[in-house]
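Here's the structure, in structure tokens; my notes come after.
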Amino acid sequence: WSGITTKGWDYQQSAVVCTVTTEHPHQKMARQRFLADGPLAFLPLADPHQCSIVWSNSTEEAELIGQLDDEHFKQILGKAFDFTLGEIITVSHRASFPLKLSHANHYVEAGFALVGDAAHTIHPLAGQGVNIGLLDAATLAEIVLDANNKGRDIGSLHTLNKYQRRRKADNLIMQLTMDAFKRVFGSELAPIRWARRFGLHTVNKHGLLKTLFMRQAAGHRFANPILTKR
24 WSGITTKGWD
34 YQQSAVVCTV
44 TTEHPHQKMA
54 RQRFLADGPL
64 AFLPLADPHQ
74 CSIVWSNSTE
84 EAELIGQLDD
94 EHFKQILGKA
104 FDFTLGEIIT
114 VSHRASFPLK
124 LSHANHYVEA
134 GFALVGDAAH
144 TIHPLAGQGV
154 NIGLLDAATL
164 AEIVLDANNK
174 GRDIGSLHTL
184 NKYQRRRKAD
194 NLIMQLTMDA
204 FKRVFGSELA
214 PIRWARRFGL
224 HTVNKHGLLK
234 TLFMRQAAGH
244 RFANPILTKR
């Protein structure tokens with residue numbers, strides 16, 4: 024209803040999501056395998072044997088996976104994940120959603136602002152959608168609180184444009200970075216596979232680089248809003 028337009032593209036993929044119980048505990052560690060059709064992630068939950076899974080596939084394959092009975096699904100899921108956490112014991116109801124990259128041409132108008140998936144969508148291969156959405160919300164809250172404390176109009180374009188300036192470019196960089204990762208890790212070309220292995224080995228071998236990548240993936244930035252530091 025706002026009339027704000029977006030730019031982006033369709034990955035021609037869908038992500039299958041559900042909750043699973045595994046034979047072995049996840050040890051509070053997120054795990055991901057890069058398969059031919061897309062990444063498969065096991066994300067730890069509070070229960071040491073439960074994970075939320077995100078399995079990116081071609082849209083056609085995702086539809087077929089969604090039609091499997093639970094027993095068959097547990098078998099192919101365990102095999103796809105190389106039984107890293109042992110057998111899949113139980114699975115919840117499965118859902119799927121299309122994967123697209125989209126970015127609003129602007130985030131704000133007088134009286135309202137877009138945050139999170141309303142402003143941008145991103146490929147889920149590194150789980151960054153939640154992080155940048157939370158940074159949007161924290162940044163907007165910080166700016167609105169500051170304006171209110173100074174007696175300024177919290178819904179004015181002058182106020183809300185500060186939020187757009189702080190978040191729009193950062194979100195675009197993250198989107199394009201994840202898109203590049205998706206293309207690199209999804210390629211089976213020999214030179215790219217070699218470069219991929221070399222890059223991962225280099226990062227893993229050098230502590231400073233590894234720490235930098237881990238901090239970035241965890242949402243730590245040099246100029247994070249104050250609300251994210253509490």
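Start counting the sequence shown at 24; every next residue gets the next number (the numbering used here). Each residue gets a CB set at the ideal place from its N, CA and C atoms; glycine is no exception. Since the structure is predicted, the reported quantities are computational estimates derived from the model, not experimental observations.
Which partner residues does Phe65 have in the DSSP bridge list? The count along the sequence shown starts at 1 and reaches residue 65 at position 42. Per DSSP, Arg54, Ile76.
Can you give the Cα-Cα distance for Ser115 and Ala142, rounded to whole angstroms? Counting from one through the sequence shown, the residue named residue 115 turns up at place 92. Counting from one through the sequence shown, the residue named residue 142 turns up at place 119. Straight-line Cα distance between these residues: approximately 30 Å.
Selection from Thr144, Leu148, Arg117 that minimises the alpha carbon distance to Lys191: Here residue 191 is taken as the residue at index 168 of the sequence shown, counted from 1. Per the Cα distances, Thr144.
My output table needs one value for Phe104: the three-state DSSP class, helix, strand or coil. As a first step, residue 104 is located in the sequence shown; it is residue number 81 there, counting from the start. Correct three-state label for Phe104: coil.
Can you tell me the Cβ-Cβ gap for Pro248 and Leu183, rounded? I've got them flagged as a contact below 8 Å. Stepping through the sequence shown from its first residue, residue 248 is reached at position 225. Stepping through the sequence shown from its first residue, residue 183 is reached at position 160. Contact between Pro248 and Leu183 is absent: CB atoms are separated by about 15 Å, not below the 8 Å threshold.
Leu91 versus Ile99 - alpha carbon distance: Here residue 91 refers to the residue found at position 68 when the sequence shown is read from its first residue. Here residue 99 refers to the residue found at position 76 when the sequence shown is read from its first residue. C-alpha separation (whole angstroms): 10 Å.
For Leu199, count neighbouring Cβ atoms within 10 angstroms of its own Cβ and tell me buried if that reaches 16, exposed if not. Here residue 199 corresponds to residue number 176 of the sequence shown, with the count starting at 1. Burial call: exposed.
Residue from Pro67, Ala64, Phe135, Leu124 whose Cα sits closest to the Cα of Ile196: On the sequence shown, position 173 is the one that residue 196 refers to. Looking at the Cα atoms, Leu124 is the closest of the given residues.
In whole angstroms, what is the alpha-carbon distance linking Ser75 and Trp32? Looking up residue 75 in the sequence shown gives position 52. Looking up residue 32 in the sequence shown gives position 9. For Ser75 and Trp32, the distance between alpha carbons rounds to 26 Å.
Alpha carbon to alpha carbon, how far is Pro71 from His126? Taking the first residue of the sequence shown as position 1, residue 71 is located at position 48. Taking the first residue of the sequence shown as position 1, residue 126 is located at position 103. In a straight line, the C-alpha of Pro71 is about 36 Å away from that of His126.
Does the separation of the CB atoms of Ala38 and Phe120 fall below 7 Å? Taking the sequence shown and counting its residues from 1, one reaches residue 38 at position 15. Taking the sequence shown and counting its residues from 1, one reaches residue 120 at position 97. Result yes, Cβ atoms of Ala38 and Phe120 sit closer than 7 Å.
Here's the rule: buried if 16 or more other CB atoms are within 10 angstroms of the residue's CB, otherwise exposed. What is Pro147? Taking the sequence shown and counting its residues from 1, one reaches residue 147 at position 124. With 16 or more Cβ atoms within 10 Å of its Cβ, Pro147 is classed as buried.
With a threshold of 7 Å on Cβ separation, who are the neighbours of Ala133 within its own chain once the five nearest residues in sequence on each side are excluded? Here residue 133 corresponds to residue number 110 of the sequence shown, with the count starting at 1. Hits under 7 Å: Gly178, Ser179, Leu180.
Would Gly101 and Glu94 qualify as a contact pair, given that the criterion is a beta-carbon distance under 7 Å? Counted from its first residue, the sequence shown places residue 101 at position 78. Counted from its first residue, the sequence shown places residue 94 at position 71. No.
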